[in-house]
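Working notes for the structure below.
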Amino acid sequence: DAKTTQPTSMDCAEGRAANLPCNHSTISGNEYVYWYRQIHSQGPQYIIHGLKNNETNEMASLIITEDRKSSTLILPHATLRDTAVYYCIVRPLGSGGSNYKLTFGKGTLLTVNP
Amino acid sequence: KAGVTQTPRYLIKTRGQQVTLSCSPISGHRSVSWYQQTPGQGLQFLFEYFSETQRNKGNFPGRFSGRQFSNSRSEMNVSTLELGDSALYLCASSLVRYNEQFFGPGTRLTVL
């Protein structure tokens, strides 16, 4: 699976947009970009995933660059409850390799400040 | 639709005891995976079950076992507990294999 690089930590003011970057320069054509987050001591929460088009759901938007080497997760109006570690991972859909399991890196600790 | 549920949420055991953790997947989801999460090792894969069969197993000793029932509910068992087994145990379900996984709240196991 392609490796990802994320900043260790970021701050965001409550009510502002939080933009979390992720680099995945070795991503393969069949690999999707997934985002999860984990609030302290809770189970990880699935946020969104995408292949090459921008995606939006009720939680967030995912912007993937045209060359697919990087992406940005956008929380449009961050709240204090969005404080969490955010994980960007890439994995192919479908069988093959170790795709049956999720592997998280260190992620980005997003702190939303009042 | 209800999310993944795990019971119990918290558990305190002593060394040498055994423990059984339970997971109920999202309704309609047929694949269940178990993970162990610790501050030092991060998220580590334990097992994957689909159609009552273990499909994959992580690099854990035989003290860790699991099963899946016909209703897709799953249990994992850890025998002869060790201090190092203290961790957050997470269950994740997906509609079918290799799809996005949805996690439960976890069971926090403390071994004294």
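Chains as they are written, first to last, in this note's numbering: chain A, 169 to 282; chain B, 725 to 836.
Virtual Cβ for every residue (Gly too), placed ideally from N, Cα, C.
**Q.** Cβ of E824(B) within 7 Å of any chain A Cβ
**A.** Position 100 of the second sequence holds residue 824(B). E824(B) counts as touching chain A.
Q. Does Q210(A) get closer than 7 Å to chain B when you measure Cβ to Cβ?
A. Sequence index remark: in the first sequence, residue 210(A) carries index 42 (1-based). It does: the Cβ of Q210(A) has a partner Cβ on chain B nearer than 7 Å.
Q) chain B partners of K171(A), CB-CB under 9 Å? A) Mapped onto the first sequence, residue 171(A) falls at position 3. Within chain B, no residue comes near K171(A); the closest Cβ sits about 15 Å away, beyond 9 Å.
**Q.** Euclidean distance between Cα positions of E824(B) and L836(B)
**A.** As a first step, residue 824(B) must be located in the second sequence, where it is residue number 100. As a first step, residue 836(B) must be located in the second sequence, where it is residue number 112. Looking at the two C-alpha atoms, the distance is approximately 35 Å.
Q: Apply the 10 Å Cβ neighbour rule to D235(A) and answer buried if 16 or more other Cβ atoms are within range, or exposed otherwise.
A: Position 67 of the first sequence, counted from the start, is the residue given in the question as residue 235(A). Result: exposed.
Q | Beta bridge counterpart(s) of E772(B) as assigned by DSSP | A | Translated into positions along the second sequence, residue 772(B) becomes position 48. Answer is S757(B), N780(B), bridged to E772(B).
Q: Using three-state DSSP, classify R821(B) as helix, strand or coil.
A: Here residue 821(B) corresponds to residue number 97 of the second sequence, with the count starting at 1. Three-state result, R821(B): coil.
Q) So, is D179(A) buried or exposed, given that buried needs 16 or more other C-beta atoms within 10 angstroms? A) If you number the first sequence from 1, residue 179(A) lands on position 11. So D179(A) ends up on the exposed side.
Q. Going by C-alpha distance, which of N267(A), A185(A), P175(A) is nearest I242(A)?
A. What you label residue 242(A) is simply residue 74 of the first sequence in a count that begins at 1. With distances taken between Cα atoms, I242(A) lies closest to A185(A).
Q: Flag G262(A) as yes if its beta-carbon sits less than 7 Å from any beta-carbon of chain B, otherwise no.
A: Residue numbering aside, residue 262(A) sits at position 94 when the first sequence is read from its first letter. Closer than 7 Å to some Cβ of chain B, the Cβ of G262(A) qualifies, so yes.
(Q) What does the alpha-carbon distance come out to for the pair E806(B) and G740(B)? (A) Within the second sequence, residue 806(B) is the residue found at index 82, counting from 1. Within the second sequence, residue 740(B) is the residue found at index 16, counting from 1. Roughly 7 Å separates the two Cα atoms.
Q: Compare the beta carbon distance of V728(B) and S789(B) with 7 Å and say whether it is the shorter of the two.
A: Position 4 of the second sequence holds residue 728(B). Position 65 of the second sequence holds residue 789(B). No, the Cβ-Cβ distance between V728(B) and S789(B) is not below 7 Å.
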